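A short write-up of the structure that comes next.
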Amino acid sequence: MSEIGASSIPPLGHIEQWGSLALDYIEGGLTPVARSQVEAHLATCPACRALLEDQRVVAAALKAVEPARPPRHMELAVLSALGVTPPAATAAGRPDPVPAPTVPRPAPALPSFRRRLRAYLQPHSVAVAAAALVLVVVGALAISLQPELLQTGPTGPTARNTLAATTTVLSTQAAGADLHVEHEQVTTAEDSVETMSAPTSTTLTPSTSGTTTAATSETTEPPTTASLDVMAKYMGVPEPTWVELKQDGADPETTASAFGTATDLDPIPSAFWMGGPTFAVVVSASHVAGLMQHLQQLGFRLTEGNQPADTLGNALNGILAGYATYHRAEMVDDTLKMDVDADSWPEGEASLLVFFVTQ
Amino acid sequence: MSHTPEPPSDELLVERARAGEGQAVAELYRRHEQKAYNLALRMMGDSWDAADVTQEAFIKAFAALDQFRGEARFGTWLHRIVVNAVRDHLRKRRLDPMENDDLDRACAPGETGAAGRLVGGRQSRLDPAADGLSPPLVDALLLLDERFRLAVVLCDLLGYEYSEAAEILGVQEGTIKSRIFRARAELAQALRAAGYGPAGGRSSTSGAGVDTPGTPRAAQPSNGRSTGEERPPS
């Protein structure tokens, strides 16, 4: 930036209007022109000088706050849940291993912990049999639980080997700093009763729609979808509804683009797409019908999505892991109002809709 | 176990973790544990909740390690997961009054705004298990709007660059900066109202300020709030 005469610099208003400049000014990150703009204003405005000083003082105080030391039990919990035996504390230079918290509040009980853990397991085997949730490890990373913990039913070890699905389990030798990792082929049928009793979603049905372009099947849902519902439920997110999106005579790109325009949604990252461009939005259940009708009026054909479990799992995992963002939305006067404050929605009221375009 | 002179990069460790190497998982955990935990702690205000959230986020992240594609740095990706876990928990806490630690403060009579609430309910926040008595600054932080707090925790407390925080939160860098500006301004106001004023110009006193936050200056309860009126009109 070349020299500009001071007289040609437009004056700044008060500091609230240039907060981010103020941050850069404090840190010395402004161009000479911007800096002289800031200083010209500060020279004439004591109130802004004081506010700038507040910024400086608070920033310095915050930066001086010592980080708190994480509780020791956390590492143990995480690593043992992941099947990793924590190395000896001293080996990693941890000076003061605190054995356990002394505050009389119990650590999370194992059952809920295991339940949570299972929610992260993503079915990706092609050999998924009906009526069973297969424990499959995401990628090569293995989750190891004590073998007996995998058996929740009274059947015990006999429940194993009923499925031709492969699970890699890391088993670690307990004790000792040296991690001994071995791979083991295990087949596991999880407690299918709990899985299958998950409520299936019926929110897709437009209650007053005249045209029945939304082909919903309320009676039976694929078991794989049910298991994903369970997964979502355990993770505390609204249960997902999978909606296949089509437009007559339009190619997927056109459909996706039209959908994006109609809803103001961006597709989730393509790594998590299901077949084609995929969108995720959380709406209040009471708004689902309105949204569906609105989309139908715009010429979208909505079908209950039925994709292989690995595809669903991949999309859901991406959404839940925060790698793909989703929006919270509600219908206001036939338009989808995005990123509303969903905190006022009653619990259980929300529904996660995953729209995907197919060929 | 031999000590290698050059520590392996996060990305290398991710590769090894994916290949099933438990030690790589442990090392990744170690590297990021403190920041992740402090992020959760400063957002949740309670060391137990923070530990729950952090461990949940780590397990989720490691289970989804396959989906880490190196488009962001591992730490960025991980923190995104922590932030989401934090938001979910804060939301649940708001929805479930029985779990709401803020209840006593929120119900304190006759107080409005962050400044007043800080004065009224300071003790309820103290969490000896976390890191000793929290300084008033850290308490005041908990009364900020969640979005402002996230920005200021990431950058001012955890030392992230604005651009990294922007990437973690999925907003523009300018948005991060203006949130931090707002956050600091509100913190200054809350502290001043609580009698811990920054030594800034508009306070009548100078010297002892936030540098020694554990030592309240002579109480100036009503002065504090009136300082807000000296702000320039916007």
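The listed protein sequences correspond, in order, to chains A and B. With my numbering applied, the first sequence covers 25 to 383. With my numbering applied, the second sequence covers 1363 to 1596. Note that the Cβ used here is the ideal one computed from N, Cα and C, for glycine as well. The structure displayed is predicted, hence computed values, not measured ones.
In chain order, PHE1543, ARG1546, ALA1547 and ALA1550 make up the part of chain B whose C-beta sits under 8 Å from the C-beta of A/GLN79. The C-beta distance from A/ALA74 to B/ASP1518 rounds to 20 Å, too long to fall under 8 Å, and the pair is not in contact. Close partners of A/SER308 in chain B (Cβ separation under 9 Å) are lacking, with about 14 Å as the shortest Cβ gap. At least one CB atom of chain B sits nearer than 8 Å to the CB of A/PRO91. If you draw a straight line from the Cα of A/GLN61 to the Cα of A/PRO34, it comes to about 8 Å. For the C-beta of B/LEU1499, the chain A residues within less than 8 Å are, from N- to C-terminus, VAL82, ALA85, LEU86 and VAL89. Cβ atoms of B/VAL1515 and B/MET1405 come within 8 Å of each other, at about 6 Å. Measuring C-alpha to C-alpha distances from A/ALA88 to each of B/GLY1532, B/GLY1521, B/GLY1557 and B/GLU1383 identifies B/GLY1521 as the nearest.
Scanning chain A for C-beta atoms nearer than 8 Å to the C-beta of B/VAL1387 yields LEU103, LEU106, VAL108 and LEU165, reported in chain order. The closest CA to that of A/THR68, considering only A/MET316, A/PRO291 and A/HIS38, is found on A/HIS38.
For A/GLU354, not one C-beta of chain B is nearer than 8 Å to its own C-beta. Between the beta-carbon of A/LEU315 and that of A/PHE303 there is about 12 Å, and that puts the pair past the 8 Å contact cut. At a cut-off of 8 Å between beta carbons, B/VAL1415 makes no contact with chain A. If you look at B/ARG1431, you'll find it isn't in any alpha helix (DSSP H); DSSP assigns it neither H nor E. In the three-state reduction of the DSSP assignment, A/HIS38 falls in the coil class, being assigned neither a helical nor a strand state. Interface with chain A (8 Å Cβ-Cβ cutoff): B/VAL1514 is included. Taking 8 Å as the cut-off, the beta carbon of A/THR278 is found no closer than this to the beta carbon of A/LYS270. Using a Cβ distance threshold of 8 Å, A/SER375 and A/VAL307 count as a contacting pair. Between A/SER44 and chain B, the shortest Cβ-Cβ separation is below 8 Å.
Within chain A, no residue has its beta carbon less than 9 Å from that of B/ARG1455; the closest one is some 10 Å off.
Under the three-state reduction of DSSP, A/VAL89 is assigned to coil, being neither helix nor strand.
The C-beta of B/TYR1522 comes no closer than 8 Å to any C-beta of chain A. Counting only residues of its own chain and dropping the five nearest sequence neighbours on each side, B/SER1525 has a CB closer than 7 Å to the CB of GLU1535.
Note that the segment 1533-1552 of chain B touches the segment 41-48 of chain A; at least 3 beta-carbon pairs, one per stretch, sit closer than 8 Å. Neighbours of A/GLU99 in chain B, taken as residues whose beta carbon is under 7 Å from its own, are TYR1391 and GLU1395 in chain order. Take A/MET298, set aside five residues on each side of it, and the residues of its chain with a beta-carbon closer than 6 Å to its own are GLN331, THR335, ALA339 and PHE380, in chain order. Three or more beta-carbon pairs drawn from the segment 101-111 of chain A and the segment 1420-1440 of chain B are found closer than 8 Å, and the two stretches are therefore classed as touching.
For A/PHE303, the enclosing beta strand (DSSP E) begins and ends at 302-308. For B/TRP1439, DSSP records no beta bridge to any residue. Cβ neighbours of A/ASP272 within its own chain (closer than 8 Å, five residues either side excluded): GLY323 and ARG325. Taking the C-beta atoms as reference points, B/ARG1380 is found nearer than 8 Å to B/LEU1427. Residues of the segment 38-72 of chain A whose Cβ lies closer than 8 Å to any Cβ of chain B, in chain order: HIS38, ILE39, GLU40, GLN41, GLY43, SER44, ALA46, LEU47, ASP48, CYS69, PRO70, ALA71 and CYS72.
The Cβ atoms of B/GLU1395 and A/PRO94 sit closer than 8 Å to each other. By the rule that beta-carbons nearer than 8 Å mark a contact, B/LEU1374 does not touch chain A.
Interface annotation, B/ALA1426: in contact with chain A, CB-CB separation under 8 Å.
Legend: CB atoms of the segment 285-296 of chain A lying less than 7 Å from CB atoms of chain B belong to residues ALA295.
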